[in-house]
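Asker: According to this note's numbering, the stretch in the sequence shown is residues -10 to 444, in order.
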Amino acid sequence: MWRCVLPPLLRYPSVDELASRAAALVADRPRDARLRRVGTSRAGTPMWLLSIGHGSRHALVVAGPHANEPVGGATVLRLADRVLADPRLTEDADVTWNLLLCLDPDGSRRNEGWLAGPYTLGRYFRNFFRPGFLEQPEWLPDGAGAVALPETRALLDVQDELRPFLQCSLHGVDVGGGFVELTRDLPGLAQRLASTANRLGIPLELGANDTLYWPTLGPAVYRVPPPRRGDLAAAITEAAVESTWFHPYPHGTVTAIVEAPMWGVTAVQDGAPPADRDAVLRAASRALREDTRLLDDVLVRVRPQLSAAPDAARLLPPVDDFLLVRPGLADAWDPDTDAGSARPLPPLSTAHLVALRIAGRRLVLRTAGLLHQLLRSTGHDPAGALPELDRLIDTWCADYHENLAARWIPVARQAEYQTRVVLSTFELAHRHARVLARSGEPDWGAEAAVPMHRE
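(1) Buried or exposed: R119, going by 16 or more other Cβ atoms within 10 Å of its Cβ?
(2) In terms of residues, what are the limits of the alpha helix (DSSP H) holding L313?
(3) DSSP on R427, reduced to helix/strand/coil?
(4) Nearest-angstrom Cα distance between G358 and Y389?
(5) Check whether the Cβ atoms of A240 and H160 sit closer than 8 angstroms, and answer yes or no.
(6) Taking one C-beta from the segment 37 to 56 and one from the segment 14 to 25 each time, how about it: are there three or more such pairs within less than 8 angstroms?
(7) Just to confirm the assignment, what range does the alpha helix (DSSP H) spanning Y238 have?
(8) Please list the terminal residues of the continuous beta strand (DSSP E) segment that includes N87.
(9) Just to confirm before moving on: does the CB-CB distance between T448 and R409 stay below 8 angstroms?
(10) Between C386 and L110, what straight-line distance do the alpha-carbon atoms span, to the nearest angstrom?
(11) Excluding the five sequence neighbours on either side, which residues of its own chain have a C-beta within less than 6 angstroms of the C-beta of C395, listed in chain order?
(12) By the three-class DSSP mapping on this structure, what secondary structure does A22 have?
(13) Under the assumption that F154 contacts A52 (Cβ atoms under 8 angstroms), give the Cβ distance between them as a whole number of angstroms.
(14) Put E248 into one of helix, strand or coil per three-state DSSP.
(15) Between W234 and S296, which are expected to be in contact by the criterion C-beta below 8 angstroms, what is the C-beta distance as a whole number of angstroms?
(16) Helix, strand or coil: which one does DSSP assign to I398?
(17) Is it true that the CB of Q125 sits closer than 8 angstroms to the CB of A249?
(18) Within 10 angstroms of its Cβ, does D280 collect 16 or more other Cβ (buried), or is it exposed?
(19) Beta strand (DSSP E) containing P35: first to last residue?
(20) Quick check on the burial criterion: 16 or more other C-beta atoms within 10 angstroms. Buried or exposed for Q362?
(21) Please confirm whether A261 and R346 have their CB atoms less than 8 angstroms apart.
(22) Looking only at C-alpha atoms, which of L129, D81 and E101 sits nearest to E231?
(23) What is the DSSP secondary structure of W128, reduced to helix, strand or coil?
(24) Quick check: L193 and P208, are their CB atoms within less than 8 angstroms of each other?
(25) Using the C-alpha atoms, what's the distance from A401 back to P316?
(26) Would you call N198 buried or exposed, if buried means 16 or more other Cβ atoms sit within 10 Å of its Cβ?
(27) Which ranges does the alpha helix (DSSP H) cover as unbroken runs of at least 4 residues, wholly within the segment 331 to 363, from first to last along the chain?
(28) Closer than 6 angstroms by C-beta to G102: which residues in its own chain qualify, once you throw out the five before and the five after it? Chain order, please.
(29) Between P59 and the rest of its own chain, which residues show a CB-CB distance below 8 angstroms, the 5 nearest in sequence each way excluded?
(30) Do you know whose CA, among R77, L138, D320 and Y238, lies nearest G33's CA?
(31) Since F114 is in the alpha helix (DSSP H), which residue starts that stretch and which ends it?
(32) Could you work out which residue in A12, R31, D17 and V84 is closest to H43 when comparing CA atoms only?
Right, dumping it as structure tokens:
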């Protein structure tokens, strides 16, 4: 009987803690678990793949694809314990589990100012970091053949080597609810997702902003559209671009992007028709424009000194990304604005409108937090902008708490929710892949990767 050698996590693990805990697990179960280096980040941090089992078919789980979403680290450690405890997940299924501990270790280190807690919205946003769109390792803006980031290349190489039947990308929602995005349908997942969320008290996003124009496969389950080339603003807001989600698709892989919330908002699961759709949309677009104007005023005053900030090369690109998308979003949401080429909004529930409001606040809070960090790093504030940014951050965080009833979800519960969802996708994908392999249907493919233990 497998005993858990890893004490339960009550906080998010750091990059170094992930590696040390995985090494301890391998030392305790060397015949069942292996740890190997599959790449090196731009800053020289090793990228570790923890593999469990010796099956001929592979499941790949990717933690830490977004630097500010650390729940995946806690989840892969919990998954490792769960998989080692249950031979039905390895030997009986002829499966090897491959857990990439962190896809963006450099970005994750930049979030360590809030990672260990205490967990408050103000602390989170003042220490928030997420690189600019072109430096996020899951995206392939110029295709797989032109990848420049070593983190992305490491993941692509692992995908090409393993040809997994299932890939799970572990993401986090800072404020809102949980949901799943799929590159292929997994019938039955919506019911399992609802049951897991209900048991653990996790709200589900029935109108996730990221998926506004995507097909819905079931409550809080969405189909990722095939990649297409488009402008950068559309790529940032819609994520329907070339990515590591779709790269293994020709091998028959189904990719599940599993989103787990940090601060939950119950209203994101309200699927009822809104009482006054247009009034809410006008208010949301007006708030985004007004909040953007306040931040633009601050940025105009401080930008001359920001160029000399120690972290300007890393912190200014995401600021510019957020500035790029805000006007288009405000116009797209405003029922009185002719956005020209913009697509009309689909039918919206109350959940959609709540998600839009959360998204608008998220954009300005992230921008304010990055500007706050930049100014702190310069060591001086001649324009007196820091007190103003503090006031804005406090006001907008209070709106999340007071008007949207955002509540903190403990790390252990976030990780348990994400673990159960991953195991549900595994069971359904494994069952579906075996059925298609027996039937000879070509859509998913049945070619097994070379088992890692026979390399």
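Glycine included, C-beta positions come from ideal geometry on N, C-alpha and C.
Answerer: Based on what the coordinates show:
(1) Position 130 of the sequence shown, counting from 1, holds the residue named residue 119. R119 is buried by the Cβ-count criterion.
(2) Here the question's residue 313 lines up with position 324 in the sequence shown. Note, L313: alpha helix (DSSP H), A301 to W322.
(3) Locating residue 427 in the sequence shown gives position 438, where the first residue counts as 1. At R427, the pLDDT of 48 sits below 50, so the modelled position is not reliable; the number obtained from the coordinates is stated separately. Secondary structure at R427: helix, using DSSP grouped into helix, strand and coil.
(4) Translated into the one-based positions of the sequence shown, residue 358 becomes position 369. Translated into the one-based positions of the sequence shown, residue 389 becomes position 400. Computed Cα separation, rounded: 15 angstroms.
(5) On the sequence shown, position 251 is the one that residue 240 refers to. On the sequence shown, position 171 is the one that residue 160 refers to. Note that residue 240 is His in the sequence shown here, rather than Ala. No, the pair does not count as a contact, with Cβ atoms beyond the cut-off.
(6) The segment 37 to 56 and the segment 14 to 25 touch, with no fewer than 3 CB-CB distances between them shorter than 8 angstroms.
(7) Translated into positions along the sequence shown, residue 238 becomes position 249. Here Y238 belongs to no alpha helix (DSSP H), and DSSP marks it neither H nor E.
(8) For the purposes of this step, residue 87 is taken as residue 98 along the sequence shown, with counting starting at 1. Looking at the DSSP string, the run of the beta strand (DSSP E) that includes N87 is V84 to L89.
(9) One cannot answer for residue 448 here, as it falls past the ends of the chain, which runs -10 to 444.
(10) Locating residue 386 in the sequence shown gives position 397, where the first residue counts as 1. Locating residue 110 in the sequence shown gives position 121, where the first residue counts as 1. In this structure, the alpha-carbon of C386 lies about 6 angstroms from that of L110.
(11) The sequence position of residue 395 within the sequence shown is 406, counting from 1. Reading off the sequence shown, one finds Ala at residue 395, where the question assumed Cys. Close CB contacts of A395 within its chain, under the 6 angstroms cut and outside five residues either way in sequence, are with V164, W252, V254 and Y389 (chain order).
(12) Here residue 22 refers to the residue found at position 33 of the sequence shown. Three-state DSSP puts A22 in a strand.
(13) In the sequence shown, residue 154 corresponds to position 165, counting from 1. In the sequence shown, residue 52 corresponds to position 63, counting from 1. Contact doesn't hold; Cβ gap of about 19 angstroms is too wide.
(14) Against the sequence shown, residue 248 aligns to sequence position 259. Reduced to three states, the DSSP call for E248 is strand.
(15) As a first step, residue 234 is located in the sequence shown; it is residue number 245 there, counting from the start. As a first step, residue 296 is located in the sequence shown; it is residue number 307 there, counting from the start. In fact, because the Cβ distance is near 35 angstroms, the residues do not count as touching under 8 angstroms.
(16) Here residue 398 refers to the residue found at position 409 of the sequence shown. It is coil, neither helix nor strand.
(17) Start at 1 with the first residue of the sequence shown, and residue 249 comes out as number 260. Start at 1 with the first residue of the sequence shown, and residue 125 comes out as number 136. Cβ atoms of A249 and Q125: not closer than 8 angstroms.
(18) Translated into positions along the sequence shown, residue 280 becomes position 291. Its Cβ being crowded by 16 or more others within 10 Å, D280 is buried.
(19) What you label residue 35 is simply residue 46 of the sequence shown in a count that begins at 1. DSSP places P35 in the uninterrupted beta strand (DSSP E) bounded by P35 to I41.
(20) Your numbering for residue 362 matches position 373 in the sequence shown. Residue environment analysis places Q362 among the buried positions, since at least 16 neighbouring C-beta atoms fall within 10 angstroms of its C-beta.
(21) The residue labelled residue 261 in the question sits at position 272 within the sequence shown. The residue labelled residue 346 in the question sits at position 357 within the sequence shown. Taking the C-beta atoms as reference points, R346 is found no nearer than 8 angstroms to A261.
(22) Counted from its first residue, the sequence shown places residue 231 at position 242. The shortest C-alpha to C-alpha distance from E231 to any of L129, D81 and E101 is the one to L129.
(23) Translated into positions along the sequence shown, residue 128 becomes position 139. Here W128 sits in strand by DSSP.
(24) Stepping through the sequence shown from its first residue, residue 193 is reached at position 204. Stepping through the sequence shown from its first residue, residue 208 is reached at position 219. At the C-beta level, L193 and P208 come within 8 angstroms of one another.
(25) Indexing the sequence shown from 1 puts residue 316 at position 327. Indexing the sequence shown from 1 puts residue 401 at position 412. Answer to the nearest angstrom: the Cα atoms are 38 angstroms apart.
(26) Here residue 198 is taken as the residue at index 209 of the sequence shown, counted from 1. With at least 16 other beta carbons inside 10 angstroms of its own, N198 counts as buried.
(27) Segments of the alpha helix (DSSP H) lying fully in the segment 331 to 363: there are none.
(28) The residue labelled residue 102 in the question sits at position 113 within the sequence shown. Only N116 meet the Cβ criterion.
(29) Here the question's residue 59 lines up with position 70 in the sequence shown. Contacts found: Y1, P2, G53, S97, N100, L104 and G161.
(30) For the purposes of this step, residue 33 is taken as the residue at position 44 of the sequence shown. Cα-wise, what sits closest to G33 is L138.
(31) Taking the sequence shown and counting its residues from 1, one reaches residue 114 at position 125. From DSSP, the alpha helix (DSSP H) with F114 extends over L110 to R115.
(32) As a first step, residue 43 is located in the sequence shown; it is residue number 54 there, counting from the start. Ranking A12, R31, D17 and V84 by Cα distance to H43 puts V84 first.
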